[in-house]
Amino acid sequence: MDLLAIILPFIAGSAIIVALFPEYCLSGVCMILAASLGAGIGFGITSATAFLWLAWFDHPGGYYLMAELGLSVFLVLLASYRFRYAKNTTPIDQISSYRLSVRQIKWLKGIFLFLLIAFVASFILKAYFDRPHGAHDAWAIWNYRARWLFKGGSNWTHAFTYLNAADSPDYPLLVTGSVFRMWSILGTDYVAIPIMVAGVLAVGSILIIFSSIGILRGENQGYLAAIFIFLSTQFLNVATYQYADAPLSFYILGTIALFSLKDHYPNLSLRLLFLAGLTASCAAWTKNEGVLFLVLIILIRFIGEIRRHNWSGILTQFFSFFMGMSFLGSTLIYFKLRFAIKNDLVNQANLSKLSVYLLDWDRYIEVLSGMAKRILAFNDHIIILLIVFFLISGVDRSSFVKKGVASHILLMLLMLGGYAFSFFISPHDLNWHMGSSLRRLIVQLWPTWVFIAFYCVKSLEKNLAGEHGKILSS
Amino acid sequence: MLMEKIKSYLEIRINKYFPGVRWPALLIVIPALLIGTYTFLNIFSEVVIENRRSQMAAYEKRFASIQKDLPAYAYFNYVTDQEYYPDFIRVRYALIPARIVRGLSPRQKYLVVQNLDSTNIPQFKGYTLKKDYQNGVMLFQRSR
Numbered sequence: 000m001d002l003l004a005i006i007l008p009f010i011a012g013s014a015i016i017v018a019l020f021p022e023y024c025l026s027g028v029c030m031i032l033a034a035s036l037g038a039g040i041g042f043g044i045t046s047a048t049a050f051l052w053l054a055w056f057d058h059p060g061g062y063y064l065m066a067e068l069g070l071s072v073f074l075v076l077l078a079s080y081r082f083r084y085a086k087n088t089t090p091i092d093q094i095s096s097y098r099l100s101v102r103q104i105k106w107l108k109g110i111f112l113f114l115l116i117a118f119v120a121s122f123i124l125k126a127y128f129d130r131p132h133g134a135h136d137a138w139a140i141w142n143y144r145a146r147w148l149f150k151g152g153s154n155w156t157h158a159f160t161y162l163n164a165a166d167s168p169d170y171p172l173l174v175t176g177s178v179f180r181m182w183s184i185l186g187t188d189y190v191a192i193p194i195m196v197a198g199v200l201a202v203g204s205i206l207i208i209f210s211s212i213g214i215l216r217g218e219n220q221g222y223l224a225a226i227f228i229f230l231s232t233q234f235l236n237v238a239t240y241q242y243a244d245a246p247l248s249f250y251i252l253g254t255i256a257l258f259s260l261k262d263h264y265p266n267l268s269l270r271l272l273f274l275a276g277l278t279a280s281c282a283a284w285t286k287n288e289g290v291l292f293l294v295l296i297i298l299i300r301f302i303g304e305i306r307r308h309n310w311s312g313i314l315t316q317f318f319s320f321f322m323g324m325s326f327l328g329s330t331l332i333y334f335k336l337r338f339a340i341k342n343d344l345v346n347q348a349n350l351s352k353l354s355v356y357l358l359d360w361d362r363y364i365e366v367l368s369g370m371a372k373r374i375l376a377f378n379d380h381i382i383i384l385l386i387v388f389f390l391i392s393g394v395d396r397s398s399f400v401k402k403g404v405a406s407h408i409l410l411m412l413l414m415l416g417g418y419a420f421s422f423f424i425s426p427h428d429l430n431w432h433m434g435s436s437l438r439r440l441i442v443q444l445w446p447t448w449v450f451i452a453f454y455c456v457k458s459l460e461k462n463l464a465g466e467h468g469k470i471l472s473s
Numbered sequence: 000m001l002m003e004k005i006k007s008y009l010e011i012r013i014n015k016y017f018p019g020v021r022w023p024a025l026l027i028v029i030p031a032l033l034i035g036t037y038t039f040l041n042i043f044s045e046v047v048i049e050n051r052r053s054q055m056a057a058y059e060k061r062f063a064s065i066q067k068d069l070p071a072y073a074y075f076n077y078v079t080d081q082e083y084y085p086d087f088i089r090v091r092y093a094l095i096p097a098r099i100v101r102g103l104s105p106r107q108k109y110l111v112v113q114n115l116d117s118t119n120i121p122q123f124k125g126y127t128l129k130k131d132y133q134n135g136v137m138l139f140q141r142s143r
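Taken in order, these protein sequences are the chains called Z and S. Residue numbering for the first sequence is 0 to 473, as defined by numbering that gives the first Met the number 0. Residue numbering for the second sequence is 0 to 143, as defined by numbering that gives the first Met the number 0.
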């Protein structure tokens with residue numbers, strides 16, 4: 000039973016991906032991408048089902064586990080059926096000639112594996128022994144609510160009562176719900192559970208970067224991109240806090256990676272969009288910033304594309320995306336309407352002061368300079384290393400790389416704009432607000448920026464510098 | 000001429016130790032190797048050698064004994080000699096599903112006191128000591 004509680008999200012999530020892509024998912028880097036995304040999607044779905052079970056019936060126990068087991072068995076059977084009878088065996092890799100022409104650089108793989116082991120070992124030491132209960136917000140918000148849902152009996156809604164602004168009782172429930180689900184099934188609040196959720200999603204982000212860049216630009220480039228994340232020690236640090244920021248970065252990165260794949264493999268676009276709908280809704284179900292991400296991605300990738308494509312094509316694509324996001328999206332709306340109380344930033348009282356905030360020019364300067372300063376200083380100025388590396392390596396100007404990248408960059412810039420706006424209208428002391436949250440906000444977007452940079456940069460294999468475009472077009 | 004020689008020497012060296020990649024890749028690989036190893040060793044030293052543990056674990060341990068004496072879901076007052084704000088948040092977390100009221104107002108049936116800086120048992124008007132857990136944590140009950 001203990002093992003089932005832990006592995007069912009992985010099984011259910013991975014089975015969904017195998018059922019969607021039976022012809023690609025069980026080999027090479029695609030399998031790594033499927034397993035990492037599957038784990039995240041599994042956490043998203045099971046956290047929502049556990050919460051709905053609590054809201055409609057009772058605390059998740061034996062019956063809930065049976066229902067979840069039934070769902071997982073159904074998904075596994077569907078995936079096996081789809082895998083066995085998949086007739087369409089078109090390889091996912093349109094650039095296989097490129098990939099085959101480049102051999103894997105063994106020492107790069109060796110360094111990647113060494114750093115991955117060091118990352119996992121550091122995470123376990125730090126998270127399990129030094130801070131088993133996470134950092135401040137873990138026991139003030141995320142695990143606090145999970146413990147109330149688990150131990151609160153009929154008073155479990157106390158998890159969403161407002162004591163002070165820092166409690167954020169309107170935050171969505173992916174992290175909290177995942178922890179609560181496993182505690183409920185296991186019958187005890189093991190500290191290892193929130194650590195496992197945080198660890199799986201942190202390592203998952205690294206594997207998504209490696210595998211998605213590996214599919215799009217070759218495995219060697221994927222290793223380098225992942226190695227760059229190991230340089231970002233703040234990512235490891237924030238992951239051990241057991242907050243929702245590292246998990247949110249997982250879902251934002253996953254969604255962007257899926258949209259990149261969709262841009263390059265149009266024959267898979269509807270299935271990829273369904274999956275992207277799932278991951279984007281997982282982002283919204285993780286944190287309020289994820290809701291902003293979901294709205295922006297719909298605006299940029301669908302409404303913004305109307306001029307360039309025909310209506311019916313966009314509508315078909317959006318329908319597929321919408322189907323993917325419908326379950327978690329509707330669960331989020333249900334939670335927000337039924338349980339969540341007002342947000343400390345977006346509420347009537349604060350919004351009534353909007354004009355005062357927005358006409359205060361000093362505030363703009365304070366926010367923008369504060370953000371710029373903190374972004375530059377993030378992780379010992381690592382952004383400077385990324386920029387220098389980017390300038391020295393050069394941009395790959397092939398049509399392959401150009402596809403879709405502008406919309407990713409625009410999306411990430413608008414996300415930063417959204418964060419800036421939340422500071423403009425913040426009722427809190429600005430210095431405190433930015434100081435206490437900006438580092439975590441950067442972590443939410445950091446893996447995606449790294450993904451974009453390594454997706455755009457020229458191939459770093461010696462025999463391929465500048466030849467990527469030629470090989471692709473041939 | 001000299002620059003060319005240095006460049007070709009460096010290229011030969013780089014090719015020997017890091018074959019197959021252009022040199023900008025080393026801007027990432029070498030610092031990552033150093034920082035990844037240093038981070039692991041630093042955390043290992045903090046956790047295993049210095050035995051560093053977070054305060055929250057100590058709170059959980061300290062308040063575990065009082066938890067069974069507090070009725071579930073009941074509100075209780077909480078008074079502490081610790082000025083640090085997260086103290087309240089930590090106790091609130093450790094004592095779930097009892098519900099914390101910071102300070103003495105409004106008055107509840109139970110009062111939980113954390114008194115770490117002194118061995119004296121504090122007095123509270125209208126409350127009598129129910130149990131001293133001998134670790135700085137005390138439970139008082141309302142007498143009137």
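Every residue gets a Cβ at the ideal spot worked out from N, C-alpha and C, and that includes glycine.
Q. Within 9 Å (strictly less), CB to CB, does residue 113 (chain Z) reach chain S?
A. Output row for residue 113 (chain Z): interface = yes.
Q | Where residue 93 (chain Z) sits in the DSSP three-state scheme | A | Residue placement at residue 93 (chain Z) is poorly supported in this model, since its pLDDT is 46, which falls under 50; the coordinates still yield a value, given next. Reduced to three states, the DSSP call for residue 93 (chain Z) is coil.
Q. Does the beta-carbon distance from residue 443 (chain Z) to residue 335 (chain Z) come in below 9 Å?
A. No.
Q | Extent of the continuous alpha helix (DSSP H) run through residue 180 (chain Z) | A | Note, residue 180 (chain Z): alpha helix (DSSP H), 173-185.
Q: Residues of the segment 49-71 of chain S with a CB closer than 8 Å to any CB of chain Z: list them in chain order, please.
A: Within the segment 49-71 of chain S, the qualifying residues are 51, 52, 53, 55, 56, 59 and 71.
Q.
Less than 7 Å between C-beta atoms, sequence neighbours within five positions excluded: which residues of the same chain meet that for residue 53 (chain Z)?
A. The answer, listed in chain order, is 59, 148 and 155.
Q) Hey, residue 373 (chain Z) and residue 303 (chain Z): beta-carbon distance below 9 Å or not? A) Not a contact, by the Cβ cut-off of 9 Å.
Q.
List, from N- to C-terminal side, the beta strand (DSSP E) runs of 3 residues or more that fit wholly inside the segment 19-91 of chain S.
A. List check, beta strand (DSSP E) in window: 74-79.
Q) In three-state terms, what does DSSP make of residue 417 (chain Z)? A) Here residue 417 (chain Z) sits in helix by DSSP.
Q.
Within the continuous beta strand (DSSP E) that includes residue 98 (chain S), where are the two ends?
A. From DSSP, the beta strand (DSSP E) with residue 98 (chain S) extends over 98-101.
Q. In three-state terms, what does DSSP make of residue 17 (chain S)?
A. Note: residue 17 (chain S) maps to coil in three-state DSSP.
Q. Is residue 38 (chain S) close to chain Z, meaning its C-beta is less than 9 Å from at least one C-beta of that chain?
A. Yes, residue 38 (chain S) counts as interfacial toward chain Z.
Q. Quick one: Cα of residue 168 (chain Z) to Cα of residue 13 (chain S), how far?
A. Between the alpha carbons of residue 168 (chain Z) and residue 13 (chain S) lies a distance of about 54 Å.
Q: Assign residue 133 (chain S) to one of three DSSP states: helix, strand, or coil.
A: Residue 133 (chain S): coil per DSSP, three-state reduction.
Q. Over what stretch of residues does the alpha helix (DSSP H) that includes residue 80 (chain Z) continue unbroken?
A. Under the DSSP assignment, residue 80 (chain Z) falls in the alpha helix (DSSP H) whose first and last residues are 61-84.
Q: Look at the Cβ atom of residue 349 (chain Z), then the Cβ atom of residue 446 (chain Z), and state whether they are nearer than 9 Å.
A: It is not a contact, given that the beta carbons lie outside the stated cut-off.
Q: Could you say which of Z:73, Z:326 and Z:389 lies nearest to residue 458 (chain Z) if we only look at CA atoms?
A: Residue Z:389 is the option with its Cα nearest to residue 458 (chain Z).
Q | residue 190 (chain Z) (DSSP reduced to helix, strand or coil) | A | In this structure, residue 190 (chain Z) counts as coil in the three-state DSSP scheme.
Q.
Quick check on residue 475 (chain Z): buried or exposed, where buried means 16 or more other Cβ atoms within 10 Å of its Cβ?
A. Since the displayed chain Z opens at 0 and closes at 473, residue 475 (chain Z) lies outside it and no answer follows.
Q.
I want to see whether chain S comes within less than 9 Å of residue 106 (chain Z), judged by CB atoms only; does it?
A. Output row for residue 106 (chain Z): interface = yes.
Q | Beta-carbon proximity of residue 420 (chain Z) to residue 429 (chain Z), cut-off 9 Å | A | The Cβ-Cβ distance between residue 420 (chain Z) and residue 429 (chain Z) does not fall below 9 Å.
Q) Is the distance from the Cβ of residue 257 (chain Z) to the Cβ of residue 272 (chain Z) below 9 Å? A) Yes, the pair counts as a contact, with Cβ atoms nearer than the cut-off.
Q | Presumed contact (8 Å Cβ cut-off) between residue 356 (chain Z) and residue 424 (chain Z), rounded CB distance | A | So it is a contact: roughly 5 Å between Cβ atoms.
(Q) Which residues does DSSP list as the beta-bridge partners of residue 23 (chain Z)? (A) Per DSSP, none; premise fails for residue 23 (chain Z).
Q. What are the boundary residues of the beta strand (DSSP E) that includes residue 113 (chain S)?
A. Run containing residue 113 (chain S): 109-113, per the beta strand (DSSP E) assignment.
Q) Shorter than 9 Å from the beta carbon of residue 77 (chain S) to some beta carbon of chain Z? A) Judged by the 9 Å Cβ criterion, residue 77 (chain S) is not in contact with chain Z.
Q | Check whether residue 245 (chain Z) and residue 201 (chain Z) have beta carbons under 9 Å apart | A | Taking 9 Å as the Cβ cut-off, residue 245 (chain Z) and residue 201 (chain Z) qualify as a contacting pair.
(Q) Short of 6 Å in beta carbon distance, which residues of its chain neighbour residue 81 (chain Z), apart from the five on each side in sequence? Order them along the chain. (A) Only 18 and 21 meet the Cβ criterion.
(Q) Output needed in chain order: residues of the segment 378-397 of chain Z with a Cβ under 8 Å from some Cβ in chain S. (A) For the segment 378-397 of chain Z, the beta-carbon criterion of a distance under 8 Å to any beta-carbon of chain S is satisfied by 384, 387, 388, 391 and 392.
Q: Please work out which residues of its chain come closer than 6 Å, Cβ to Cβ, to residue 131 (chain Z), disregarding the five sequence neighbours upstream and downstream, and give them in chain order.
A: Non-local C-beta neighbours of residue 131 (chain Z) in its own chain, meaning closer than 6 Å and more than five positions away in sequence, comprise 190, ordered along the chain.
Q: Using a Cβ-Cβ cut-off of 9 Å, state whether residue 11 (chain S) counts as contacting chain Z.
A: No, its Cβ sits nowhere closer than 9 Å to a Cβ of chain Z.
(Q) Short of 6 Å in beta carbon distance, which residues of its chain neighbour residue 179 (chain Z), apart from the five on each side in sequence? Order them along the chain. (A) Closer than 6 Å at the Cβ level, and outside the excluded window around residue 179 (chain Z), lie 145, 148 and 149.
Q) Hey, how far is the Cα of residue 80 (chain S) from the Cα of residue 91 (chain S)? A) Cα-Cα distance, rounded: 16 Å.
Q. Nearest-angstrom Cα distance between residue 401 (chain Z) and residue 63 (chain Z)?
A. Rounded to the nearest angstrom, the two C-alpha atoms are 47 Å apart.
Q: Determine, using beta carbons only, whether residue 45 (chain S) comes closer than 9 Å to chain Z.
A: Proximity of residue 45 (chain S) to chain Z, defined by a Cβ-Cβ separation below 9 Å, is satisfied.
Q | C-beta contact flag for residue 136 (chain S) and residue 122 (chain S) at 9 Å | A | No, these two residues do not count as a Cβ contact at 9 Å.
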